[in-house]
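Colleague: Chains B and H, in that order, are what the protein sequence lines are. Each residue of the first sequence is one higher than the one before, counting from 4 in the numbering used here. Each residue of the second sequence is one higher than the one before, counting from 11 in the numbering used here. A virtual CB, placed ideally from N, CA and C, is assigned to each residue, including glycine.
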Amino acid sequence: MAEHNAEALKKRKEFEAQALPHMDALYRTALRMTKNEKDAEDLVQEAFVKAYRFWDKFDSGSNCRAWLFKIMTNIFINDYRSKSRSPMAINMDDIDDNFLYGQLAVGSKESNPEKDFFNKIFDDDVKKAIETLPDDFRLVVILSFLEGFSYQEIADITDLQLGTVKSRLHRGRKLLQKELFEYAVRNGYVKDNV
Amino acid sequence: MIDCQQAFALLQEILDKEASQIDEKQVRAHLEKCGHCFEKFRLEESIQAFLNEKIKATAQSDFKSDKLESLRLNLMDQLDEIDSECSKQSKSLFGNSLKIFLSAAALVLLAGVWYVSAGFFTHQEYYIPLEQAHWKASDDISLYTENIDKANYLGEIERDLHYSLNNSFADYTFVGGKKEQIMGADFEHIVFSNNTDYISIFISDGDTIEIPEELQSTMIKNGNIELFDHNCRGCRLVFHKLGSLLIITASTNRDIDLTKFIPGQLTI
Ligand SMILES: [Zn+2]
Numbered sequence: 004m005a006e007h008n009a010e011a012l013k014k015r016k017e018f019e020a021q022a023l024p025h026m027d028a029l030y031r032t033a034l035r036m037t038k039n040e041k042d043a044e045d046l047v048q049e050a051f052v053k054a055y056r057f058w059d060k061f062d063s064g065s066n067c068r069a070w071l072f073k074i075m076t077n078i079f080i081n082d083y084r085s086k087s088r089s090p091m092a093i094n095m096d097d098i099d100d101n102f103l104y105g106q107l108a109v110g111s112k113e114s115n116p117e118k119d120f121f122n123k124i125f126d127d128d129v130k131k132a133i134e135t136l137p138d139d140f141r142l143v144v145i146l147s148f149l150e151g152f153s154y155q156e157i158a159d160i161t162d163l164q165l166g167t168v169k170s171r172l173h174r175g176r177k178l179l180q181k182e183l184f185e186y187a188v189r190n191g192y193v194k195d196n197v
Numbered sequence: 011m012i013d014c015q016q017a018f019a020l021l022q023e024i025l026d027k028e029a030s031q032i033d034e035k036q037v038r039a040h041l042e043k044c045g046h047c048f049e050k051f052r053l054e055e056s057i058q059a060f061l062n063e064k065i066k067a068t069a070q071s072d073f074k075s076d077k078l079e080s081l082r083l084n085l086m087d088q089l090d091e092i093d094s095e096c097s098k099q100s101k102s103l104f105g106n107s108l109k110i111f112l113s114a115a116a117l118v119l120l121a122g123v124w125y126v127s128a129g130f131f132t133h134q135e136y137y138i139p140l141e142q143a144h145w146k147a148s149d150d151i152s153l154y155t156e157n158i159d160k161a162n163y164l165g166e167i168e169r170d171l172h173y174s175l176n177n178s179f180a181d182y183t184f185v186g187g188k189k190e191q192i193m194g195a196d197f198e199h200i201v202f203s204n205n206t207d208y209i210s211i212f213i214s215d216g217d218t219i220e221i222p223e224e225l226q227s228t229m230i231k232n233g234n235i236e237l238f239d240h241n242c243r244g245c246r247l248v249f250h251k252l253g254s255l256l257i258i259t260a261s262t263n264r265d266i267d268l269t270k271f272i273p274g275q276l277t278i
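1) For H/ALA180, which option in H/PHE197, H/ARG38 and H/PHE271 has the closest C-alpha, if you only look at C-alpha atoms?
2) Could you say which of H/LEU53, H/PHE48 and H/PHE212 lies nearest to H/GLU141 if we only look at CA atoms?
3) Identify the continuous alpha helix (DSSP H) that holds B/ARG84 and give its terminal residues.
4) Note down the Cα distance separating B/TRP70 from B/ILE160, rounded to an integer number of angstroms.
5) Does the distance between the C-beta of H/ALA17 and the nearest non-hydrogen atom of ligand 1 fall short of 7 Å?
6) Return the chain-ordered list of same chain residues with a C-beta closer than 7 Å to the C-beta of H/CYS245, the five sequence neighbours on each side being excluded.
7) For H/ASP239, tell me which candidate among H/SER214, H/LEU252, H/GLY233 and H/LEU268 has the shortest Cα-Cα distance.
8) If we define contact as Cβ-Cβ less than 8 Å, is H/THR155 a contact residue for chain B?
9) Please report the distance separating the alpha-carbon of B/LYS181 from that of H/GLN58.
10) Does the beta carbon of B/CYS67 fall short of 7 Å from some heavy atom of ligand 2?
11) If you drop the 5 nearest sequence neighbours on each side, which residues of the same chain put their C-beta closer than 8 Å to that of H/SER203?
12) Quick one: grab the DSSP three-state call for H/ASN232.
13) By Cβ distance, which residues of its chain are closer than 8 Å to B/ARG141, with the 5 residues on each side in sequence left out?
14) What first and last residue would you give for the alpha helix (DSSP H) that runs through H/ARG246?
15) Find the nearest neighbour of B/ALA158 within the set B/PHE72, B/LYS118 and B/GLN48, judged by alpha-carbon distance.
16) Which stretch, first to last residue, makes up the alpha helix (DSSP H) that contains H/ASP196?
17) List the residues of chain H that B/ASN66 touches, going by C-beta distances under 9 Å, in chain order.
18) Take H/ASP33 and list the residues in its own chain whose beta-carbon comes closer than 6 Å to its own, dropping the five residues that flank it on each side.
19) Look at B/TYR55 and H/LEU81 and say whether their C-beta atoms are less than 8 Å apart.
20) Quick one: does B/VAL188 have its CB under 8 Å from some CB of chain H?
21) How would you call H/GLN22, buried or exposed, if buried means at least 16 neighbouring beta carbons within 10 angstroms?
22) Relative to the C-alpha of H/ILE257, which residue among H/THR218, H/LYS74 and H/ARG264 is closest?
23) Counting only C-beta atoms, is B/HIS25 closer than 8 Å to chain H at any point?
24) Would you identify the three-state DSSP class for H/SER80, choosing helix, strand or coil?
25) Just the C-alpha distance for B/VAL168 and H/GLN275, rounded to the nearest angstrom, thanks.
26) Kindly indicate which three-state DSSP category B/LYS131 falls into: helix, strand or coil?
27) Using alpha carbons as the reference points, say which of H/SER56, H/GLU54, H/GLN226 and H/LEU255 lies closest to H/ASP196.
28) Do the CB positions of B/ALA28 and B/GLU156 come within less than 8 Å of each other?
29) Determine whether the beta carbon atoms of H/TYR199 and H/GLY187 lie at a separation below 8 Å.
30) Does any residue of chain B have a CB that is nearer than 8 Å to the CB of H/ARG82?
31) Please list, in chain order, the chain B residues whose beta carbon lies closer than 7 Å to that of H/ILE258.
32) Assuming H/LEU252 and H/ILE235 are in contact, meaning their beta carbons sit under 8 Å apart, how far apart are those beta carbons, in whole angstroms?
33) Just jot down, in chain order, the residues whose CB lies closer than 5 Å to any heavy atom of ligand 1.
34) Considering only residues of the same chain and omitting the five flanking positions on each side of B/GLU49, which have a CB-CB separation below 7 Å?
35) By alpha-carbon positions, which one of B/ASP62, B/SER147 and B/ALA43 ends up nearest to B/GLN21?
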């Protein structure tokens, strides 16, 4: 029994030293995934509890941060994301790859036509634009832009094919640009060139 | 030397810092020569830097350190609870829960994925891999339509499983399929579609995996076939047995009545 306790204590110590420092990163991503504080807190709690239960499955030579994100993402996908899923519902055809480029560059003699646009976009606009992205796109966008995971790491975390990660990131980026531009137009910050 | 189109094809990887050194070099060389691409890349890189910075800034400003501290304390309590649970359980585990323990151990071995398989076998962990396999098909159907000769494929299923699958059922048509290992069992994962929704049909020989007992109360009859309906978190799953086969249909569209979806029959 004493041996068992020593073992348990060692596990707890290891977990606190290796996993807990990533809590802030998980929480900040959870906030963007779930879009509300309560769910984000629950999601992070659940992820850490699960990680602790599975701690003996964690390969200590591998990347603990990516492992924790994988656990959290899995819980998010299964339990938290919008229940009515329709992956085919977004019409991507109306988003031109050169959308923002066309909008900002046309008719501009300035060397940095985007500067004006950037100055008019506030932090909150970016937050809202991210929150309007469909779950599947938002997830890869956050993992890439906010957490800096590589394509391969995102594929491992989300259980998606590498090609799917790339295409979602591409579409997510375009949707985000379009959303921000439309926001700027709606508020009269930028003139719509079309 | 690469041209504008080839340069453009590498734009995303450059923005995401995923381009190889060689590719990056070639693109930069092209940009020096091509004013149009230069401006395009400059703008895209500038937008990306702006987005990255803003996304990090907003994540930071949302962050409340006192919230984090209370989360941490809360978690410590939960870990304490797990620790005390574990020291109690270590004795009783080999009693009446031996069967559960063994199936969990088998799942751990077979699933081979460290996070899906638990030390404890829960219902959730039975259904989720099925849901995920279904989502995989609706996310990227090409995984199931490429590399198969449809007629041949149906022939093989008939030969191997003695199950003859119709080419279409209601307004759904067979679009593709492949063999998949789910929860350690071999499944034939067949996909039907009506161009809007997908229905996955999982067929296993029934040797390795059974209909979960907890579904007994959900039994519905279609003719003389008994079906077990489970509205899971991420999709609807309907189970039935045909001879020794275990057949599971799945769709994210809950309006499709899967208890009426019997797209094939036994040939013996
Ligand atoms: Zn060019």
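Modeller: According to the data block:
1) Indexing the second sequence from 1 puts residue 180 of chain H at position 170. Here the closest residue by C-alpha is H/PHE271.
2) The residue given as residue 141 of chain H occupies position 131 in the second sequence. Of the listed residues, the one whose Cα sits closest to H/GLU141 is H/PHE212.
3) Stepping through the first sequence from its first residue, residue 84 of chain B is reached at position 81. Element bounds for B/ARG84: n/a, residue is neither H nor E.
4) Within the first sequence, numbered from 1, the residue matching residue 70 of chain B stands at position 67. Within the first sequence, numbered from 1, the residue matching residue 160 of chain B stands at position 157. Answer to the nearest angstrom: the Cα atoms are 7 Å apart.
5) As a working mapping, residue 17 of chain H is identified with position 7 in the second sequence. The nearest non-hydrogen atom of ligand 1 is less than 7 Å from the C-beta of H/ALA17.
6) On the second sequence, residue 245 of chain H is found 235 positions in, with the first residue counted as 1. Only residues of its own chain outside the window of five on either side were considered, and among them GLU141, HIS144, ALA260, SER261 and THR262 have a CB closer than 7 Å to the CB of H/CYS245, listed in chain order.
7) Residue 239 of chain H sits at position 229 when you count from the first residue of the second sequence. Sorting H/SER214, H/LEU252, H/GLY233 and H/LEU268 by C-alpha distance to the C-alpha of H/ASP239 places H/LEU268 at the top.
8) Taking the second sequence and counting its residues from 1, one reaches residue 155 of chain H at position 145. Cβ-Cβ to chain B under 8 Å: no for H/THR155.
9) Residue 181 of chain B sits at position 178 when you count from the first residue of the first sequence. Residue 58 of chain H sits at position 48 when you count from the first residue of the second sequence. One C-alpha to the other measures close to 13 Å.
10) Absence of ligand 2 from the depicted structure is noted, with ligand 1 being the only ligands included.
11) As a working note, residue 203 of chain H is residue 193 in the second sequence. If we look at H/SER203 and ignore the five residues flanking it on each side, its Cβ neighbours are ILE151, TYR182, THR183, VAL185 and ILE209.
12) Here residue 232 of chain H refers to the residue found at position 222 when the second sequence is read from its first residue. Residue state, collapsed to three classes: strand.
13) Looking up residue 141 of chain B in the first sequence gives position 138. Cβ neighbours of B/ARG141 within its own chain (closer than 8 Å, five residues either side excluded): ARG35, MET36, ILE133, GLU134 and GLY175.
14) Translated into the one-based positions of the second sequence, residue 246 of chain H becomes position 236. Taken as a continuous stretch (DSSP letters only), H/ARG246 belongs to no alpha helix (DSSP H), being part of the beta strand (DSSP E) at 246-252.
15) In the first sequence, the residue the question calls residue 158 of chain B occupies position 155. Proximity to B/ALA158 across B/PHE72, B/LYS118 and B/GLN48 peaks at B/PHE72, based on C-alpha coordinates.
16) Numbered from 1 along the second sequence, position 186 holds the residue referred to as residue 196 of chain H. Note, H/ASP196: premise wrong, no alpha helix (DSSP H); beta strand (DSSP E) at 195-203.
17) On the first sequence, position 63 is the one that residue 66 of chain B refers to. By Cβ distance, chain H contributes nothing, its closest Cβ being about 13 Å from B/ASN66, past 9 Å.
18) If you number the second sequence from 1, residue 33 of chain H lands on position 23. Taken in chain order, the residues that qualify are LEU20.
19) Residue 55 of chain B sits at position 52 when you count from the first residue of the first sequence. Residue 81 of chain H sits at position 71 when you count from the first residue of the second sequence. No, they are not a contact pair.
20) As a first step, residue 188 of chain B is located in the first sequence; it is residue number 185 there, counting from the start. Chain H contact via Cβ: absent.
21) Your numbering for residue 22 of chain H matches position 12 in the second sequence. The residue is buried, with at least 16 neighbouring Cβ atoms inside 10 Å.
22) Locating residue 257 of chain H in the second sequence gives position 247, counting from the first residue. The shortest C-alpha separation from H/ILE257 is found at H/THR218.
23) Taking the first sequence and counting its residues from 1, the one referred to as residue 25 of chain B is at position 22. No, B/HIS25 does not count as interfacial toward chain H.
24) Walking along the second sequence from the start, residue 80 of chain H turns up at place 70. It is helical.
25) Taking the first sequence and counting its residues from 1, the one referred to as residue 168 of chain B is at position 165. Taking the second sequence and counting its residues from 1, the one referred to as residue 275 of chain H is at position 265. One C-alpha to the other measures close to 38 Å.
26) Counting from 1 along the first sequence, the entry for residue 131 of chain B is found at position 128. Of the three classes helix, strand and coil, the one that applies to B/LYS131 here is helix, per DSSP.
27) Translated into positions along the second sequence, residue 196 of chain H becomes position 186. Nearest neighbour of H/ASP196 by Cα position, chosen from H/SER56, H/GLU54, H/GLN226 and H/LEU255, turns out to be H/LEU255.
28) On the first sequence, residue 28 of chain B is found 25 positions in, with the first residue counted as 1. On the first sequence, residue 156 of chain B is found 153 positions in, with the first residue counted as 1. Going by C-beta atoms, B/ALA28 is not nearer than 8 Å to B/GLU156.
29) The residue given as residue 199 of chain H occupies position 189 in the second sequence. The residue given as residue 187 of chain H occupies position 177 in the second sequence. Checking the sequence shown, residue 199 of chain H turns out to be His, not Tyr. Closer than 8 Å, so yes.
30) Indexing the second sequence from 1 puts residue 82 of chain H at position 72. At a cut-off of 8 Å, the C-beta of H/ARG82 has a neighbouring C-beta in chain B.
31) For this step, residue 258 of chain H is matched to residue 248 along the second sequence. Result: empty, since nearest Cβ-Cβ is about 17 Å, beyond 7 Å.
32) The count along the second sequence starts at 1 and reaches residue 252 of chain H at position 242. The count along the second sequence starts at 1 and reaches residue 235 of chain H at position 225. Correct: roughly 7 Å between the Cβ atoms.
33) A residue is listed when its beta-carbon falls short of 5 Å from at least one non-hydrogen atom of ligand 1; in chain order these are H/CYS14, H/CYS44 and H/CYS47.
34) Residue mapping note: residue 49 of chain B aligns to position 46 of the first sequence, counting from 1. Closer than 7 Å at Cβ, skipping near neighbours: ILE78.
35) For the purposes of this step, residue 21 of chain B is identified with residue 18 of the first sequence, where counting begins at 1. When C-alpha distances from B/GLN21 are compared across B/ASP62, B/SER147 and B/ALA43, the shortest belongs to B/ASP62.
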